[in-house]
């Protein structure tokens, strides 16, 4: 029971996919294939580079241990263990990044499904509200489950990359693939995986924030259409008006106007709700949107420039 609660189907919200439209299910299959293609595009070149680096490294280095026969293949065993360790760590990190991106893409497709619900004047506000509440709940769960992973990635990558940059720039030795290859490969994998997470979160947040403009436009179009329809109904020809009694005409007004006022208030309430619930993926109240991406980029660039200035001064 406890294992099923945190299984892969629950992590990716696949158990709720049966409630979605065919458009969302088809799009999710496409995104599933695309996500694992991204994993292959990052993993395969990195693996071959790491393999080449380890072959060069263990060909040039002789590992020995006391109380062991010199003919014992210690180099080969160390080579295999180091390569398997790197493969395991890299795969775990990249698979988590891909799963997070896949979860974000599923919610993005669901928001696009909500966008389609706004097409036409006969859209049901209660149906739109229910679907948005369902997506908001899943976004909260996604933010809660991945928050430590994203913050841990941000802190670890920032500290490791800036520390490695400082050491490399401060070192007087020549930089070659032999002594700096691991740093290059590790940096490429970390940054590629983390960018998958940030871009996926920014895309879903952009969709979530854009729904307010779509709902406002829909509310305006339906209100205009209702006003024009009511205006046409009010212009009753004299011949038709004389055939009806005054009480009949009064009954028509009473039956139409309250219904229109009610639907107008429902639409207005829906737009107000969306204006106050337009967030996407959040980290302790901070929304992961494009503005935060720009802030992170400016922060990292400032740190790099600061380290470069210190290295230049020290040299």
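Numbering (full-length UniProt numbering), first residue to last: 1 to 315.
Heads up, the beta-carbon is just placed ideally off N, CA and C, and yes, glycines get one too.
Residue i versus the options, residue with shortest Cα-Cα distance
{"i": "residue 211", "options": "172, 284, 278 and 185", "result": "278"}
{"i": "residue 94", "options": "226, 142 and 44", "result": "44"}
{"i": "residue 103", "options": "138, 128 and 77", "result": "138"}
{"i": "residue 100", "options": "200, 86, 168 and 39", "result": "200"}
{"i": "residue 111", "options": "272, 297, 46 and 204", "result": "204"}
{"i": "residue 273", "options": "28, 91, 80 and 131", "result": "131"}
{"i": "residue 148", "options": "96, 128, 189 and 181", "result": "96"}
{"i": "residue 207", "options": "270, 115 and 156", "result": "115"}
{"i": "residue 35", "options": "302, 227, 222 and 192", "result": "192"}
{"i": "residue 164", "options": "180, 151, 152 and 154", "result": "180"}
Unbroken alpha helix (DSSP H) run spanning residue i, endpoints
{"i": "residue 45", "result": "22–60"}
{"i": "residue 111", "result": "74–117"}
{"i": "residue 137", "result": "125–170"}
Residue i versus residue j: straight-line alpha-carbon distance, rounded
{"i": "residue 82", "j": "residue 286", "result": "39 angstroms"}
{"i": "residue 23", "j": "residue 106", "result": "11 angstroms"}
{"i": "residue 123", "j": "residue 26", "result": "23 angstroms"}
{"i": "residue 142", "j": "residue 266", "result": "29 angstroms"}
{"i": "residue 31", "j": "residue 275", "result": "29 angstroms"}
{"i": "residue 209", "j": "residue 171", "result": "47 angstroms"}
{"i": "residue 169", "j": "residue 299", "result": "20 angstroms"}
{"i": "residue 295", "j": "residue 289", "result": "10 angstroms"}
{"i": "residue 307", "j": "residue 160", "result": "13 angstroms"}
{"i": "residue 117", "j": "residue 20", "result": "13 angstroms"}
{"i": "residue 197", "j": "residue 282", "result": "13 angstroms"}
{"i": "residue 297", "j": "residue 214", "result": "30 angstroms"}
{"i": "residue 18", "j": "residue 133", "result": "17 angstroms"}
Sequence-distant residues of the same chain with beta carbon closer than 6 angstroms to residue i, five excluded per side
{"i": "residue 320", "result": "Residue numbering for the chain in the displayed model covers 1 to 315; residue 320 lies beyond these limits and cannot be assessed."}
{"i": "residue 252", "result": "Residue placement at residue 252 cannot be trusted, given a pLDDT of 32 that sits under 50; the coordinates are not used to answer."}
Cβ shell of residue i (< 8 angstroms), same chain only, five flanking positions each side left out
{"i": "residue 268", "result": "219"}
Proximal residues to residue i (C-beta, below 7 angstroms), its chain only, five neighbours per side dropped
{"i": "residue 316", "result": "This structure does not reach residue 316, given that the chain is present from 1 up to 315, and the question cannot be answered."}
{"i": "residue 202", "result": "288, 289, 290 and 293"}
{"i": "residue 182", "result": "53"}
Distance cut-off 8 angstroms: residue i Cβ against heavy atoms of the ligand PLP
{"i": "residue 125", "result": "Inclusion of the ligand PLP in the displayed structure is not the case, the ligand content being empty and no account of it being possible."}
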